[in-house]
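Asker: Under this note's numbering, think of the first position of the sequence shown as 3, with each following residue one higher.
Beta carbons are placed, not taken as given, at the ideal position from N, Cα and C, and that holds for glycine.
Below: one structure in structure tokens.
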Amino acid sequence: MTDAPVVDELTPPVRTLMGPGPSDVHPRVLRAMGTPLVGHLDPAFLDVMNEVQELLRYVFRTDNQWTLPISGTGSAAMETAFANLVEPGDTVLVPSNGYFGHRMASMAERAGGAVVSVDAPWGEPLDPADVRDAFETHQPEVFGFVHAETSTGVRQPAVSELTAIAHAHDAFVIADTVTSLGGVELRVDAWDIDIAYSAAQKCLSCPPGASPITLSDRAMDRILTRETPVRSWYLDLSLLEGYWGTERSYHHTAPITNVYALREALRLVAEEGIERRWERHREVARTLVSGLADLGLDRYAAEEYWLPSLNTVRVPDDVDESVLIDHLLSEYGIEIAAGLGDLAGEVFRIGCMGRSARLANVQYLLTALEESLE
Ligand code: PLP
């Protein structure tokens with residue numbers, strides 16, 4: 003047996019988080035995480051759960067009763083959506099224009115779905131005409147799309163058009179809003195989205211661990227009347243209903259500290275006002291993009307579907323992308339990220355999310371880039 007390891011007290015470096023998430027966390031959120039635990043069935047915690055659900059409805063712009071945080075990161079919320087809505091044998095239509103559309107395909111397949119895709123090049127959104135054609139060809143029961151594709155910096159416009167096509171075919175729509183919730187205009191009810199899921203560590207600026215999801219009654223009816231049980235016990239919404247529904251009975255131990263953090267992060271959104279917050283993201287990211295252009299760094303995504311929370315920038319021919327990323331981290335403590343999937347080596351990804359979407363951060367990053375590119 004080895005001796006007990008001697009490990010120093012944790013002293014992480016101070017970073018400016020301008021990558022694809024996590025983003026900088028507000029001190030109030032960190033403070034909330036330092037408050038004492040109560041039990042997950044304590045009446046005081048039941049109040050916290052109600053408040054979190056109410057705040058999540060506000061941020062998602064929905065009246066959906068079924069609005070809750072899933073224990074786990076964004077992928078857990080994503081898997082909750084697909085594992086619950088997809089029954090074995092269902093046809094599931096997913097996009098092929100980014101990294102997270104491919105993850106949707108994997109999850110839908112594991113849930114027993116037959117996956118078909120609607121194609122668009124990486125770096126472009128889905129064209130509603132192609133979605134209509136795909137519906138006519140494949141008649142899917144479920145359609146997933148990515149509202150804010152973190153791998154390409156593309157925002158899917160015309161969401162209502164896509165949901166109208168799906169609903170005309172009696173299908174259900176799952177929206178990935180991981181990089182849009184709390185930072186980019188998103189209206190779950192007005193846009194008629196059946197299920198939207200997200201993560202805490204992007205535009206909500208909260209540590210990862212409790213991930214928002216919202217479901218329409220129509221989606222929940224389908225889930226609660228499934229012919230086969232959901233393959234995941236942990237993410238089965240018909241069981242989670244006991245805890246997050248009216249009964250408040252034990253299913254699994256909620257990650258109390260993450261729920262505290264989410265409550266405080268959502269409180270900050272409510273104080274700022276959701277529409278003002280969308281506007282701040284646009285303004286700050288606009289300053290970033292024009293400062294980058296002044297340095298000769300061109301935005302990758304076109305203006306019509308630019309995603310302010312995640313800016314993809316072409317890597318100039320004479321720049322070694324990984325050297326620049328490492329230099330920014332080691333010399334300035336700034337995190338940005340490389341391209342992902344088909345865009346590896348072609349773009350940098352610069353996040354402008356939540357508390358990181360501040361002019362001070364943008365100016366610091368632009369100065370660091372200017373010095374580093376000299
Ligand atoms: N969907 C999108 C669009 C994402 O950007 C991410 C993470 O970056 C995920 C899903 C998965 O979230 P997580 O990494 O929190 O599991």
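Between PRO209, ALA303, SER153, ASP238, which has its C-alpha nearest LEU87's C-alpha?
Answerer: Of the listed residues, the one whose Cα sits closest to LEU87 is ASP238.
Asker: At what residues does the alpha helix (DSSP H) containing LEU264 begin and finish?
Answerer: Where LEU264 is concerned, the enclosing alpha helix (DSSP H) stretches over 258-274.
Asker: Could you name the residues of the same chain whose beta carbon sits closer than 6 Å to that of ALA339, not counting the 5 residues immediately before and after it, in chain order?
Answerer: If we look at ALA339 and ignore the five residues flanking it on each side, its Cβ neighbours are GLY21, PRO22, ARG351.
Asker: Residues in its own chain within less than 6 Å of GLY146 by CB, not counting five upstream and five downstream?
Answerer: Closer than 6 Å at Cβ, skipping near neighbours: VAL96, MET106, ILE176.
Asker: Please determine, among LEU39, ARG357, LEU368, TRP280, the residue with the shortest C-alpha to C-alpha distance to CYS208.
Answerer: Among LEU39, ARG357, LEU368, TRP280, the Cα nearest to that of CYS208 belongs to ARG357.
Asker: Report the residue from ALA295, ALA202, GLY91, ALA170 whose alpha carbon sits nearest the alpha carbon of THR230.
Answerer: Taking only the C-alpha atoms, the option nearest THR230 is GLY91.
Asker: My output table needs one value for ILE338: the three-state DSSP class, helix, strand or coil.
Answerer: ILE338 falls in the coil class under three-state DSSP.
Asker: Does at least one heavy atom of the ligand PLP sit under 6 Å from the Cβ of PHE102?
Answerer: The answer is yes for PHE102.
Asker: Short of 6 Å in beta carbon distance, which residues of its chain neighbour THR181, apart from the five on each side in sequence? Order them along the chain.
Answerer: Excluding sequence neighbours, THR181 sits near ALA150, THR152, LYS204, SER311, LEU312.
Asker: Can you grab the Cα-Cα spacing for the pair ASN66 / SER200, in whole Å?
Answerer: If you take the alpha carbons of ASN66 and SER200, they lie about 15 Å apart.
Asker: Might you give, ordered along the chain, the residues of its own chain that have their beta carbon closer than 7 Å to the beta carbon of VAL286, omitting 5 neighbours on each side?
Answerer: Excluding positions up to five away in sequence, the list reads CYS354, ALA359, ARG360, LEU361, VAL364.
Asker: In chain order, what are the residue ranges of uninterrupted beta strand (DSSP E) at least 3 long that sit wholly in the stretch 191-260?
Answerer: Correct list: 197-199, 212-217.
Asker: Please tell me whether, using a cut-off of 6 Å, the distance from the CB of ALA85 to the nearest non-hydrogen atom of the ligand PLP is below it.
Answerer: Not so, every heavy atom of the ligand PLP lies at least 6 Å from the Cβ.
Asker: Using a Cβ-Cβ cutoff of less than 7 Å, which residues in the same chain neighbour PRO15 once the five nearest sequence positions on both sides are dropped?
Answerer: Answer for PRO15: GLY335, listed in chain order.
Asker: Alpha carbon to alpha carbon, how far is ARG228 from TYR101?
Answerer: Using only the alpha carbons, I get a separation of about 29 Å.
Asker: Answer yes or no: the CB of PRO210 versus the heavy atoms of the ligand PLP, is any distance below 6 Å?
Answerer: Yes, the beta carbon of PRO210 sits closer than 6 Å to at least one heavy atom of the ligand PLP.
Asker: Can you give the beta carbon distance from VAL161 to GLY115, rounded, assuming they're within the 8 Å contact cut?
Answerer: The pair is not a contact, with the Cβ atoms about 22 Å apart (cut-off 8 Å).
Asker: Helix, strand or coil: which one does DSSP assign to PRO45?
Answerer: DSSP places PRO45 in helix when its eight states are reduced to three.
Asker: I want to check one thing, is the minimum distance from the CB of ASP132 to the heavy atoms of the ligand PLP below 6 Å?
Answerer: No; taking the cut-off as 6 Å, the Cβ of ASP132 has no heavy atom of the ligand PLP nearer than that.
Asker: For ASN99, name the three-state secondary structure that DSSP assigns.
Answerer: In this structure, ASN99 counts as coil in the three-state DSSP scheme.
Asker: Name the two residues that bound the continuous beta strand (DSSP E) containing LEU312.
Answerer: 312-316 is the span of the beta strand (DSSP E), which, as asked, contains LEU312.
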